Structures are given as C-alpha cells and as structure tokens.
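**Q**
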Amino acid sequence: MKQKGNSIRLLLTVVLIAFTGITLSANGLNLNGSGSRAMGMAGAVISWTNDVSLFYFNPAGAANAKGTWISLFETNLLPSGTYNAAAFGVDAKTNSKLYPAGALGFIKPLSDKLTIGLGIYTPSGTGASWDGDQLKNLAGGKVYAWESFLGVVTVSPLVAYKISDQLAVGATINLNIGMMDIKRPGVGQYEESLTGMGLGATFGMQFTPSDKLAFGLSYKLPVNVTLKGDATMASANLLGAATESEITRKTTLPMWLGAGVSFKPMDKLRLAVDVNWTNWKKLNEIPVEFSDTTWTLLMGHPVYKGAFDQTLELDWKDCIQYRIGAEYMFCEQWAVRLGYMRDPSPAPLATMNILLPQIPYNMFTFGVGYTSAKFSVNAALEILRGQEQTVPLALTSKMPGVHNMNIMVPSITIAYHFN
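Taking this note's numbering, the leading residue of the sequence shown gets 269, the next gets one more, and so forth.
#1: Take Ala-509 as the anchor and find which of Phe-558, Asn-547, Asp-479 has the nearest alpha-carbon.
#2: How far does the alpha helix (DSSP H) with Gly-311 in it reach, from first residue to last?
#3: Residues in its own chain within less than 7 Å of Asp-577 by CB, not counting five upstream and five downstream?
#4: Counting only the same chain and skipping the five closest in sequence on each side, list residues whose C-beta sits under 8 Å from that of Asn-687.
#5: Tell me whether Thr-291 sits in a helix, a strand or coil according to DSSP, three-state version.
#6: State the beta-bridge partners of Gly-373 as determined by DSSP.
#7: If you draw a straight line from the C-alpha of Gly-273 to the C-alpha of Gly-464, how long is it?
#8: For Leu-566, report the span of its alpha helix (DSSP H) as first-last.
#9: Counting along the chain, where does the beta strand (DSSP E) carrying Tyr-596 start and finish?
#10: Looking only at its own chain, which residues have a Cβ that is under 6 Å from the Cβ of Leu-485, when we skip the five neighbours before and after it?
#11: Straight-line CA distance for Gly-373 to Ile-622?
#12: What does the Cβ neighbour count give for Ile-431, buried or exposed, with the cut at 16 atoms within 10 Å?
#13: Whole angstroms are fine: how far does the CA of Asn-318 sit from the CA of Tyr-608?
#14: Are the beta-carbon atoms belonging to Val-420 and Gly-395 less than 8 Å from one another?
#15: Please determine, among Asp-560, Pro-612, Asp-535, the residue with the shortest C-alpha to C-alpha distance to Glu-595.
#16: When burial is assigned at 16 or more other CB atoms within 10 Å of the CB, is Ala-355 buried or exposed?
#17: Please report the residue range of the alpha helix (DSSP H) in which Tyr-629 lies.
#18: Within the chosen definition, does the stretch 542-549 reach the stretch 578-589 through at least 3 CB pairs nearer than 8 Å?
#19: Among Gly-408, Lys-361, Ser-461, Val-423, which residue has its Cα nearest to the Cα of Asn-674?
#20: Report the residue from Ala-312, Ser-302, Lys-376 whose alpha carbon sits nearest the alpha carbon of Glu-342.
#21: Does the distance from the CB of Ser-416 to the CB of Asp-380 come in under 8 Å?
#22: Quick one: Cα of Ile-423 to Cα of Ser-321, how far?
#23: Excluding the 5 residues preceding and the 5 following Leu-435 in the sequence, name in chain order all residues of the same chain whose CB lies nearer than 6 Å to its CB.
#24: Going by the DSSP bridge assignment, what does Arg-713 pair with across the sheet?
#25: Assign Val-571 to one of two classes, buried (16 or more other C-beta atoms within 10 Å of its C-beta) or exposed (fewer than that).
#26: So who's on the other strand from Ala-648, going by DSSP bridges?
#27: Spell out a yes or no on whether the stretch 453-461 and the stretch 497-513 are touching, meaning 3 or more CB-CB pairs, one atom from each, closer than 8 Å.
#28: Could you please give me the residues that DSSP links to Glu-553 through a beta bridge?
#29: Please go through the stretch 403-463 and give each complete beta strand (DSSP E) segment of 3 or more residues, from N-terminal end onward.
#30: Only counting the same chain, and skipping five residues up and downstream in sequence, which positions put a Cβ closer than 6 Å to that of Gly-400?
#31: Can you tell me whether Asn-326 is buried or exposed, with buried defined as 16 or more other CB within 10 angstroms of its CB?
#32: Inspect the beta-carbon positions of Leu-539 and Pro-490 and report whether they are closer than 8 Å.
#33: For Thr-681 and Leu-345, I'd like the C-alpha separation in whole angstroms.
#34: Thinking just about the alpha-carbon of each residue, which of Ile-384, Leu-386, Tyr-351 is nearest to the one in Lys-404?
#35: Are the CB atoms of Leu-462 and Leu-495 within a distance shorter than 8 Å?
#36: Measure the C-alpha to C-alpha separation of Ser-339 and Leu-551 and round it to an integer number of angstroms.
This is how it looks when you write it as structure tokens:
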C-alpha cells in the first residue's frame, strides 16, 4: 500500500516540477497569475483578459476568443530574502536559486457563442531555502536544512458562453494538485513530504457596454485539501520513538473574489484597475497528525513539544490587492505595458516565519508584446520590493528579528492561433 502511495506521490511530483518550483508567493499562498500579457499589467485583466491568463483570472474571457489557440507560459522567480536576529547572532540570506513555473492553455470556440478550453497552471505556491550554517544559532549551534515548499498545480477544463455582444460568462472546474515539503530542526533533522488533491471551481463574467469600456467579476470557491505522506525525525529513536511516521495535514485554498474595470481613453491606450479580495482569515493554522502514537504523545510533552509539534501557526487576516495596468499599442503588432500592485501580507508579526515568508510588497511590472496572424509573443518583468518587517523580541513569536524579501520575475508567453 505504501509502495502505491509512493508511486502516486512520484507522479504528482513530476507534474508539479513541470509547472512550478519552490516559488515565493505574493499574497498568502497566491501567485500573481499566469500569462506575460497579464503580468505586464500587474494582473489588472479581469475585465478584458482573452489569453492564457483567463484560466486564472476570469474564464468568461474565453467567450471572446477569435479562433482556436494554444499558448505556453514560462517564468522564473529569482528571490532574495534576508533574516536578521541580532539577539541570537543570526544574519541569514536565502540560497541563490532560480525557480521555474509555467502554464499551458488551449481554447476552441464551438460556435459564435460557445467556447471550451483546458488550462494547466500554478495558482499557489510559497516556500524558501536557507543556508543552515547561517541559522545554526537557532538550533543549538548545529547545522540543519531549513527549506519549505507548498505548491499547487491546477488542471481546469473550461466552458464560456457569450450571452450577447456585451455580456459573457464562463466557468472552470479546478482539479488542484498540491505538494508540501518541509525541512527544519526537530530532534535531529526533521523532514516531511506530502501530496494531495482538492476540487474547486471558478466563475466569471465580463460586461462590455462599448468598445472603450469593460467590467469584469471573478469568483473562486474555497478548496479543502488533505495532504498525506511521510515524516522523518533523525534522532527520534533517542526518545524511544520511531524515526519515521505517516503524516496528514489539512489546509484550505480560500475563497477569492476579484472585480475589474478597463477603459480606452484613446484607440491605442487601455487602462485597467482591479481589486482582489482573499479570505485568508480561514487559515488559522496548518495542523499536523502523525500515525505513530509515540510521536503524537511527544507533541504534548512539556520538553519535546517544540520538536514534535510541527503545526504551522498562521492566524492570517483577509487581504485586498490593488492592481493598476496600462497597455499602449504602437501599431497592430506591437504593444508595451506597465503596471503596479500593492500587495499586503496576511500574516501578523507574531506568526512571521522564514519557512513561510509573508512580506508586504510593492510590485512594478513592465511588458512588451508582438502579434501576427498566427503567432503572438509576449514578455514581462515583475519587480517585487519587499517592505521590511521587524518582529520585536518581546512579542510572542518563534521568529523575532527583521524579515525581508525582494523578487524578480521575468516571463515569456508564446501562442499559436490556428485560424
């Protein structure tokens, strides 16, 4: 039975590696969407998206497709994080790595009104990788691995319908495939590796009263995900416990609601504003259950609780993102884009954690695109500037000190239009 579970986990891991790396989230666990055209406008596309980003932002955009197309999106995240805890003699930086992510989308109109499609993309992800030698003062002078990864890949069959020339609706069924890996100190090195699935849906609407004005709404259902796998504690045998236990975690991808408006003050210029609300308050914690009864007993032990109680405390709050974007068409083929997003952190200072980094960001974006009769190529660059977070030593927290993160995200999207 365990061999079968490992085979399923390996298959899910291959799928996740193909579409996401150990990426850093923008808001909670959410990434900034998929598609370089959307990224170039800071994701302010709910009212008008009609490319691969529609699977993430608003499936109603598929109803306005002008033919069958397939699109591939590829991006790389270059994070740079710091953690300074002078009281413990810690001055640490994240390991220098490049983390890939991507998306694949296919859209086919069946008639003037009905369109279907299929998208595979990365809606959520967070994590970090730190130099254990720089954190040894937090672990009794010993060097341990400090790494985390929580990623989701979503497979979304889509249907969209054009009710009239002005009004379109769309929906996707979302099969969410999740994986979670953690490495941190425990009784010796602690490691866990989990996978799981959850089913959700996205509903969207676009209303275009004129060629110059458009409105959009998009709603994602909350998704409960149960993650299962194995955990190891290298020195647990010193306490009379097994060094390995099966493990279960339950978490939620929360409800998300977005609204947007775009308008064209002139034929070549589009301006857009979006507001996104995420119900992160539902995530108080990510609890843990061990199948090994000794591990469970040690979770409540006054001395060893800190090592065996691997609950991830969050106590997050709901957050609102504000996005502003602009697109200027130099001609029918060439476009340039700019955008800005204010991205708050849902985490209070008391639960700041270097393994689930939650930093408020100011995000600036730039993009360029070329479109021909059959092909389109779009590129974008996101620059996320973190707002330094100082956690007082007196505050009840496991991670006092100064936290910060900056991220650069280049991307490219290629699409082929069949007709």
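Don't be surprised by glycine CBs; every beta carbon is placed ideally from N, CA and C. Keep in mind the model is a prediction, meaning the values are calculated, not measured.
**A** In short:
#1: With distances taken between Cα atoms, Ala-509 lies closest to Phe-558.
#2: First-last for Gly-311: undefined, no H or E at that position.
#3: Within the same chain, Cβ atoms closer than 7 Å to the Cβ of Asp-577 are found at Met-567, the five residues on either side in sequence being excluded.
#4: Correct list, in chain order: Gly-335, Thr-336.
#5: Unreliable placement is indicated for Thr-291, whose pLDDT of 41 sits below 50; no coordinate value is reported for it.
#6: Answer is Ser-339, Gly-387, bridged to Gly-373.
#7: Because Gly-273 sits at a pLDDT of 48, beneath the cut-off of 50, its placement in the model cannot be relied upon, and the point is left open.
#8: It spans 561-567 - the alpha helix (DSSP H) in which Leu-566 sits, taken as one unbroken run.
#9: 587-597 is the span of the beta strand (DSSP E), which, as asked, contains Tyr-596.
#10: Excluding five sequence positions before and after Leu-485, the CB atoms of its chain that fall closer than 6 Å to its own CB belong to Met-473, Ala-527, given in chain order.
#11: When rounded, the distance between both Cα atoms is 34 Å.
#12: By the 16-neighbour rule on beta-carbons within 10 angstroms, Ile-431 is exposed.
#13: For Tyr-608 and Asn-318, the distance between alpha carbons rounds to 20 Å.
#14: No, the pair does not count as a contact, with Cβ atoms beyond the cut-off.
#15: Looking at the Cα atoms, Asp-535 is the closest of the given residues.
#16: Answer is exposed; the Cβ neighbour count stays below 16.
#17: No alpha helix (DSSP H) holds Tyr-629; the beta strand (DSSP E) holding it covers 629-639.
#18: Under the 8 Å Cβ criterion, the stretch 542-549 counts as touching the stretch 578-589, having at least three qualifying pairs.
#19: Considering only alpha carbons, the answer is Lys-361.
#20: Cα-wise, what sits closest to Glu-342 is Ser-302.
#21: Pairing Ser-416 with Asp-380 gives a Cβ-Cβ distance that is not under 8 Å.
#22: The sequence given here has Val at residue 423, not Ile. Approximately 14 Å, taken between the alpha carbons.
#23: The residues are Phe-475.
#24: Summary: the structure shown does not reach residue 713, with the chain confined to residues 269 through 687, and so no result is reported for it.
#25: Val-571 is exposed by the Cβ-count criterion.
#26: Its beta-bridge partners are Gly-635, Ser-679.
#27: Touching, per the Cβ criterion.
#28: According to DSSP, Glu-553 bridges with Glu-581.
#29: Entirely contained in the stretch 403-463, the beta strand (DSSP E) runs reaching 3 residues are, in chain order, 414-430, 435-454.
#30: Cβ neighbours of Gly-400 beyond the five flanking positions: Val-411, Tyr-412, Ala-413, Trp-414.
#31: Around the CB of Asn-326, 16 or more other CB atoms lie within 10 Å, so the residue is classed as buried.
#32: In this structure, Pro-490 does not lie closer than 8 Å to Leu-539 by Cβ.
#33: Answer to the nearest angstrom: the Cα atoms are 15 Å apart.
#34: Looking from the CA of Lys-404, the closest CA among Ile-384, Leu-386, Tyr-351 belongs to Tyr-351.
#35: Yes.
#36: Near 34 Å, if we compare the C-alpha coordinates of Leu-551 and Ser-339.
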